[in-house]
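Contents: one structure, followed by commentary.
Number of protein chains: 2
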Amino acid sequence: MHYELYYWPGIQGRGEFVRLALEEASADYADVARLSGRDKGLTAMMYFLENSKINCPPFAPPFLKAGKIIIAQTSNILQYLGPQLGLVPKAGATRLWAHQLQLTIADFVGEIHDVHHPVSGSLYYHQQKSEAKRRAGFFTQERIAKFLYYFERVLKGNPEGSNYMLGRRLSYVDLSIFQLIAGLRYAFPKRMKQLEPEYPRLVTVHDRIASRPNIAIYLTSDRRMPFNNNDVFRYYPELDT
Amino acid sequence: MHYELYYWPGIQGRGEFVRLALEEASADYADVARLSGRDKGLTAMMYFLENSKINCPPFAPPFLKAGKIIIAQTSNILQYLGPQLGLVPKAGATRLWAHQLQLTIADFVGEIHDVHHPVSGSLYYHQQKSEAKRRAGFFTQERIAKFLYYFERVLKGNPEGSNYMLGRRLSYVDLSIFQLIAGLRYAFPKRMKQLEPEYPRLVTVHDRIASRPNIAIYLTSDRRMPFNNNDVFRYYPELDT
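Quick mapping for you: the protein sequence lines, in order, are chains A and B. Going letter by letter, the first sequence gives residues 1 to 241 in my numbering. Going letter by letter, the second sequence gives residues 1 to 241 in my numbering.
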């Protein structure tokens, strides 16, 4: 199957959770909005968002085109791709559990984004900096630890062992945990340095994912965009308290 | 199948999206945290959140116990219940689409909550009122219309007709659209009065759901809690701009 991924060019964003799954599985995919040429680039992406003739239109990127179907919402895309890419166990209850974890990661990512944009996505950061600083205090003191504690607890409680978030093989959830830790290290380096010793299993998952052959190649390729301050994970020293 | 729903007592919250599906289908369920007695009430709910021996622990309510499995995340619960309650079509692609719409409703609900809590869920509203007022301006001027326009477009574009969000029969997505419109009317009555004429199909879905026999009985029963200002949808006149 050939997949077409559509996401805002220039940032990792929520699209990165999908890219990591496609890259790990050496899937045949095009990152359409980053390409140039006919039926490529941002114009190709906007077509699906704005054309009123599209059935099942996405509300926002990322979305995936697989044959005739178009699937949006990061967690939904991963739920769809998981079985096709061999990145989730077969049992139905385990797939629900994988998806539940992915949705909790998505909630965390939403909170991380809103630290620098607590008022509106239509304003620049500098236009909502005072609100962001106030929110960041609560985020770094309460929310990061609440989520990391939860995911560490899930790893610790995995009856098949703490090498993976679920079962005894890699799933797309592990890849997303890698991205979460990497992003938090970029955005909140001081706070993460304090917190990481409390979550050794999560750090180990991060490191093991980073050294998987396909992921290691991806991370040094041009396909992996660097973290930057137009993205979900942003480094503003004044928010890293 | 007997279902146990666990959610914070005293508010509709995210649990209400699940209740509406269970009520429409006349499912056999207990709203455990609202009951008193042994193994009931808030204590019973906290057991699943805090006991380190629980496999597949929820991060937060709502969660559903169905036989031996525990499922969290509102949209995931509805995805699980949909086929069992006859509230989603059979085709796999249609189920992905229903879930995608539900996840977009969940994003909208998150934004609605954060209008009155833009800084932290650990603070009271009056402690973040100035930030809330600023956020509310952008929410009422941009975000409400962006989401409602999208859902109206989905209804208009349904190839089976605009009576339902997808296909030609009721799904759990329609029930959630009802709750969304009802909640927005409670929280932002002035703004909704201005906006509703632009989204006639959504209003019609709301009205038709409200008059379905099982839903009509539910809405006048004690099981339906009234909207209130401890909930996701809150009415603060100063935010209804």
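Positions of the beta carbon are idealized from the N, C-alpha and C atoms, including for glycine.
* Could you name the residues of chain A that H119 of chain B contacts, counting a contact when the two beta carbons are closer than 8 angstroms? => Residue identity differs from the one stated: residue 119 of chain B is Val in this sequence, not His. Here the neighbours are P118, E131, R134, R135, F138.
* Asked: Taking the Cβ atom as the reference point for each residue, do A72 of chain B and F59 of chain B lie within a distance shorter than 8 angstroms?
  -> yes
* Applying a beta-carbon distance threshold of less than 9 angstroms, which residues of chain B neighbour Q127 of chain A? -> In chain order: nothing, as chain B lies at least about 10 angstroms away.
* **According to DSSP, residues forming a beta bridge with A216 of chain B** => According to DSSP, A216 of chain B bridges with nothing at all.
* **Within 8 angstroms of chain B by C-beta, residues of the region 87 to 106 of chain A in sequence order** => A93, L96, W97, H99, Q100, L103, T104
* **Cβ neighbour criterion (16 or more within 10 Å) applied to S36 of chain B** => exposed
* Pairwise C-alpha distance: D107 of chain A and Y6 of chain B -> 19 angstroms
* Asked: From what residue to what residue does the beta strand (DSSP E) around I71 of chain B run?
  -> 69 to 72
* **Backbone CA spacing between S75 of chain A and Y218 of chain A [nearest angstrom]** => 21 angstroms
* Alpha carbon of L195 of chain B to alpha carbon of F17 of chain B, nearest angstrom -> 23 angstroms
* Asked: Can you check whether the CB of L239 of chain A is closer than 8 angstroms to the CB of V109 of chain A?
  -> no
* Span separating the alpha-carbon of N230 of chain B from that of K90 of chain A -> 41 angstroms
* Specify, as a first and last residue, the run of the beta strand (DSSP E) that Y3 of chain B falls within. => 2 to 6
* Under 8 angstroms between the Cβ atoms of L78 of chain B and Q102 of chain B? -> yes
* Within the 8 angstroms Cβ cut-off, does N51 of chain A reach chain B? -> no
* **For P62 of chain A, the nearest candidate out of A:Y3, A:A145, A:G157 (CA to CA)** => A:Y3
* To do: State yes or no: is the beta carbon of R223 of chain B nearer than 8 angstroms to at least one beta carbon in chain A?
  => no
* Express the C-alpha separation of S52 of chain B and N55 of chain A in angstroms, rounding to a whole number. => 45 angstroms
* Asked: Does the distance from the C-beta atom of A21 of chain A to that of L175 of chain A stay below 8 angstroms?
  -> yes
* Nearest-angstrom Cα separation, counted from K68 of chain A out to P159 of chain B -> 16 angstroms
* **CB of I11 of chain B within 8 angstroms of CB of N228 of chain B, strictly** => yes
* Can you have a look at D31 of chain A and say buried or exposed, based on whether 16 or more other CB atoms are within 10 angstroms of its CB? => buried
* Min CB distance Y199 of chain A to chain B below 8 angstroms -> no
* Asked: Does the beta carbon of G15 of chain B sit closer than 8 angstroms to a beta carbon anywhere in chain A?
  -> no
* **Extent of the continuous alpha helix (DSSP H) to which F59 of chain B belongs** => Unbroken run through F59 of chain B: none, as it is neither H nor E.
* Asked: Pairing CB atoms from the region 143 to 154 of chain A with CB atoms from the region 150 to 164 of chain B, are three or more of them under 8 angstroms?
  -> no
* How is the beta strand (DSSP E) around D28 of chain A delimited, first residue to last? -> 28 to 31
* **Through-space distance from H117 of chain A to L123 of chain A, alpha-carbon basis** => 8 angstroms
* Asked: Given L85 of chain A, which residues of its chain have a CB within under 7 angstroms of its CB, disregarding the five upstream and five downstream residues?
  -> A21, A25, A27
* Asked: According to the Cβ coordinates, are F139 of chain B and G183 of chain B closer than 8 angstroms?
  -> no
* **A66 of chain B in three-state terms, based on DSSP** => strand
* To do: Determine the burial state of H126 of chain B: buried for a count of at least 16 other Cβ atoms within 10 Å of its Cβ, exposed for fewer.
  => exposed
* To do: Take A309 of chain B and list the residues in its own chain whose beta-carbon comes closer than 7 angstroms to its own, dropping the five residues that flank it on each side.
  => Given that chain B is displayed from residue 1 to residue 241, the structure contains no residue 309 of chain B and the question cannot be resolved.
* Using the beta-carbon of each residue, which ones in chain B are nearer than 7 angstroms to F59 of chain A? -> T104, Y150
* Asked: Of the choices A:Y150, A:M1, A:Y47, whose alpha-carbon is the least far from that of Y80 of chain A?
  -> A:M1
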